[in-house]
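Structure first, commentary second.
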């Protein structure tokens, strides 16, 4: 189905406007939802994660197979369903049968899977599961995909269409209930009504601090101004976070509909999506969705025959992490350098170009249409007393099932990691999970049973943040982890305020000094290593209390969190000059086993600092004071005579 088909477009417009009555479009809706199929449909997960796993080659292999076997079938590129560790994913719908999903379908597996399915009506591995559809015949012996451990405990609101529909077809979004909430909003509710519904639902901002969304909208609604702005913060910069990207790539119209409703609620006529330029596929699909929404009259002047007009534009950021902070983001949109400003005034009073402005992130807006359609009580029935609804998390690190999940607030972290994510690979022990990105903190074994909500995470020194969960096993050095985040924060600091600019630099220097080999001839350096931990704690307090924006105020969190739970690792680095996880290479002590050493001299030749001595055909030795821990000697030893401790 294409938007150029005027008859279908007209029928779907009518279907959307008459959302409470039956229409003669049921056959079109069924076809768009793939409940009725005339031919074979092959759907391949072609989000950024899928393409990175080789989905483009899988698509080409499918095209070649269909062409050579003269099979009439349609290939559709969908977004990410969430299970990134099983990419590339390929779903096949044969007329009259349930949609079936295959995992890890690299190009070399395509022919075998399609041959067995089309010629023998057989399904073999790698099958993930089947989607049960009303009126369709099920595949015997194949479990429902909803019974897979990764999906079983999820409640998908924001992600409900991701990986299911064609993200480049507004018609499919409409068929799955899209834009009905917008029609309901414009027909039944005033702007204040919408603010009340969102406030009663308990929806809190999903980008970091968790401020009540409805209350923010009410502040902006109450302001009198000739112009108001609604901004979507899609400048997702946390390491390990890819929620916004996946939602836009998989279901861009959900974001657009939520923003149009938000614009109506606060009285804004202009909306801006601030998105990272590093997300080219998301930008492409978002641009297409905006064009299609304008064709249908869901954007522009007098939307759905109402007196409400709303325009939406895309602004691409240049990759500065600090532009995720709302005041820096607005400066960037205005064409200025992205640097934070003190608050108050808050954006709802004086924001973009000095006008009242509301800023929320992708996930927040993507909840709005479902809340309007089902009601505030429906959304508030999920979650905890103060944290309602669901939360999308990006699971990465040392975990079996990496990807994107949406779970009800109040779920235990242990259940996410060991049931949904499948636990730690290779029978390694769990060590910690970093939650909230560079601004968050780590959660250890003792706190795994806390519930996911805003207050619980803050109580243990972490924060919800945008929703990145990076899992670490026993082989992770927590000092090195803190150094990684501090290096990231220090490089991303805008430099405007001294505590953040200089304080984070000094903290990074301390972390680097205790993870590097000490200079035994430099007494000052030795003393600095001993004083390091005390200085880290003092610096953290100053930076938190005096930095200008949220980036600086939360910058010390990864260090303070690791110090709290893994102080013994810091002490081992400082006092014993040893990295317990053997990650910090400069602290490794290389030893040559004289029984195994043949004196071949290869290790001495490969050593860049001439730290290995010994005559030919006699046992060699490592001069510790010269060794920089590069490991070149061990890599090149053919007799396994070199080890480190």
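Residue numbers (the working numbering): 14 to 658.
Just so it is clear, CB atoms sit at the ideal spot from N, CA and C, and this is done for glycine as well.
- Task: Throw me the rounded Cβ distance for the residue 219 and residue 377 pair, which I believe falls under 8 Å.
- Result: 5 Å
- In terms of residues, what are the limits of the alpha helix (DSSP H) holding residue 127? 120 to 132
- Message: Restricting to Cα atoms, I'd like to know which of 560, 556, 526 is closest to residue 544.
- Response: 526
- Message: Could you tell me the alpha carbon to alpha carbon distance between residue 614 and residue 77, rounded to whole angstroms?
- Response: 55 Å
- Whole-number beta carbon distance between residue 369 and residue 236, since they are thought to touch under 8 Å: 4 Å
- Item | Residue environment, residue 337, which counts as buried when at least 16 other CB atoms sit within 10 Å | buried
- Task: May I ask which residues mark the beginning and end of the alpha helix (DSSP H) holding residue 192?
- Result: Per DSSP, residue 192 belongs to no alpha helix (DSSP H) and is neither H nor E.
- Paired residues, beta bridge with residue 104 - DSSP: 56, 114
- Message: Measuring only the C-alpha atoms, how far is residue 656 from residue 226?
- Response: 57 Å
- Query: So, using beta-carbon positions, are residue 419 and residue 405 closer together than 8 Å?
  - Reply: yes
- Message: Am I right that residue 668 and residue 250 are in contact with their C-beta atoms under 8 Å? What's the rounded C-beta distance?
- Response: Residue 668 falls outside the range modelled here, since the chain spans only 14 to 658, and no answer is possible.
- Which whole-angstrom value is the C-beta distance of residue 414 and residue 98, which I expect to be below 8 Å? 5 Å
- Cβ pair count under 8 Å reaching 3, the stretch 127 to 146 against the stretch 154 to 162: yes
- Message: Quick check on residue 51: buried or exposed, where buried means 16 or more other Cβ atoms within 10 Å of its Cβ?
- Response: exposed
- Message: I need the DSSP call for residue 166, collapsed to helix, strand or coil.
- Response: coil
- Query: Which two residues bound the contiguous beta strand (DSSP E) that contains residue 476?
  - Reply: Counting along the chain, residue 476 falls outside any beta strand (DSSP E), and DSSP gives it neither H nor E.
- Query: Would you report the Cα separation of residue 399 and residue 192, rounded to the nearest angstrom?
  - Reply: 29 Å
- Task: Check residue 571 in the structure and name its three-state DSSP category.
- Result: helix
- Message: Less than 8 Å between the C-beta atoms of residue 583 and residue 492, yes or no?
- Response: yes
- Query: On the three-state DSSP scale, how would you describe residue 409?
  - Reply: strand
- Message: Quick check on DSSP: helix, strand or coil for residue 647?
- Response: helix
- Item | Rounded C-alpha distance that separates residue 147 from residue 392 | 26 Å
- CB contact flag (residue 324, residue 388, <8 Å): no
- Beta-bridge pairing of residue 371 - partner residues as DSSP gives them: 243
- Output yes or no for whether 8 Å exceeds the beta carbon distance between residue 465 and residue 517. no
- Task: Tell me whether residue 660 is buried or exposed, calling it buried when 16 or more other Cβ atoms sit within 10 Å of its Cβ.
- Result: Outside the displayed range of the chain (14 to 658) lies residue 660, so it cannot be described from this structure.
- Item | Helix, strand or coil at residue 252 [DSSP, three-state] | coil
- Message: Less than 8 Å between the beta carbons of residue 273 and residue 312, yes or no?
- Response: yes
- Query: Applying the criterion that 16 or more other CB atoms from any shown protein chain within 10 Å of the CB defines a buried residue, is residue 658 buried or exposed?
  - Reply: exposed
- Message: If the criterion is Cβ atoms closer than 8 Å, does the pair residue 32 and residue 196 meet it?
- Response: yes
- Examine the Cβ distances between the stretch 568 to 579 and the stretch 599 to 609 and report whether three or more of them are shorter than 8 Å. no
- Query: Is the beta carbon of residue 281 sitting closer than 8 Å to the one on residue 243?
  - Reply: yes
- Task: Please determine, among 321, 300, 559, the residue with the shortest C-alpha to C-alpha distance to residue 328.
- Result: 300
- Residue from 42, 319, 108 with nearest C-alpha to residue 186: 42
- According to DSSP, which residues form a beta bridge with residue 446? 456, 484
- In three-state terms, what does DSSP make of residue 84? coil
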